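Chemist: Using the UniProt record's numbering, the letters of the sequence shown map in sequence onto residues 1 to 128.
Backbone N, C-alpha and C fix where the C-beta goes; we use that ideal spot for every residue, glycine too.
Predicted model only: the values in this text are computed from it and were never measured.
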Amino acid sequence: MSTQQMYVRIKHHKKTYFIECAPTGTVATLKAKLATQAAPTGHTTDVKLHIAGKVPGTYAALEDAAVLEQVGIADDAVLYAAFWVPGESAGTGSWEPIQVPDFEPLHDDPDDGADTAEDMKGKGKAAA
Numbered sequence: 001m002s003t004q005q006m007y008v009r010i011k012h013h014k015k016t017y018f019i020e021c022a023p024t025g026t027v028a029t030l031k032a033k034l035a036t037q038a039a040p041t042g043h044t045t046d047v048k049l050h051i052a053g054k055v056p057g058t059y060a061a062l063e064d065a066a067v068l069e070q071v072g073i074a075d076d077a078v079l080y081a082a083f084w085v086p087g088e089s090a091g092t093g094s095w096e097p098i099q100v101p102d103f104e105p106l107h108d109d110p111d112d113g114a115d116t117a118e119d120m121k122g123k124g125k126a127a128a
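1) Just verifying my parser: in three-state terms, what is the DSSP assignment at Lys11?
2) Please classify Ser2 as buried or exposed, where buried requires at least 16 other C-beta atoms within 10 Å of its C-beta.
3) Would you call Lys31 buried or exposed, if buried means 16 or more other Cβ atoms sit within 10 Å of its Cβ?
4) Have a look at His13, Ala35, Arg9 and Val8 and flag the residue whose alpha-carbon is nearest the alpha-carbon of Asp102.
5) Whose C-alpha, out of Thr44, Thr29 and Leu79, is nearest the C-alpha of Gly57?
6) Please check the pair His43 and Ala61, which I expect to be a contact at CB under 8 Å, by giving their CB distance rounded to whole angstroms.
7) State buried or exposed for Gly72, treating a residue as buried only when at least 16 other CB atoms are found within 10 Å of its CB.
8) Could you compute how far the alpha carbon of Pro20 sits from the alpha carbon of Tyr7?
9) Quick check for students: name the residue ranges of the alpha helix (DSSP H) that lie wholly in the segment 20-104, counting only runs of 4 or more.
10) What does a CB cutoff of less than 7 Å around Ile98 pick up in its chain, not counting 5 residues either side in sequence?
11) In whole angstroms, what separates the C-alpha of Ile10 from that of Tyr17?
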């Protein structure tokens, strides 16, 4: 019997990580996979995963023991990562805020694009 796999997108600033996981996996296993790729220390204790709230710009932290499918994480879900930023003295620090910039589409200059019908007027067949 094969286990169904899915991919979860985890955003952190301008980066997006695609992590393969099982719907029956836990947040802790997802954090472990992310920590090997993205955490400065590689430790899961330095990573918190969040899901977007109903109000734009709000996020809810996910508990490590939570099962992905039970908290509504499905294939192609988007989560947000926050990392622990150590302070100057031992034992101090804080969680970084979640900051994901808005998507910036690539804009084509309308003058450089395809010719419009108006631009095509008079073009085509040569006068005989």
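Modeler: So, from the listed chains and residues:
1) Three-state DSSP puts Lys11 in a strand.
2) Note that Ser2 scores 47 on pLDDT, short of 50, meaning its location in the model is unreliable and no value can be drawn from it.
3) Burial of Lys31 is indicated by the presence of at least 16 other C-beta atoms within 10 angstroms of its C-beta.
4) It is His13.
5) Closest by alpha carbon: Leu79.
6) Contact annotation, His43 with Ala61: C-beta distance approximately 17 Å; criterion of less than 8 Å not satisfied.
7) The residue is exposed, with fewer than 16 neighbouring Cβ atoms inside 10 Å.
8) Per the sequence presented here, residue 20 reads as Glu, with Pro not at that position. Those two C-alpha atoms are separated by around 5 Å.
9) If only complete runs of 4 or more residues are kept, the segment 20-104 shows the alpha helix (DSSP H) at 27-38, in order along the chain.
10) The residues are His50, Tyr59, Tyr80 and Ala82.
11) When only Cα atoms are considered, Ile10 and Tyr17 end up about 5 Å apart.
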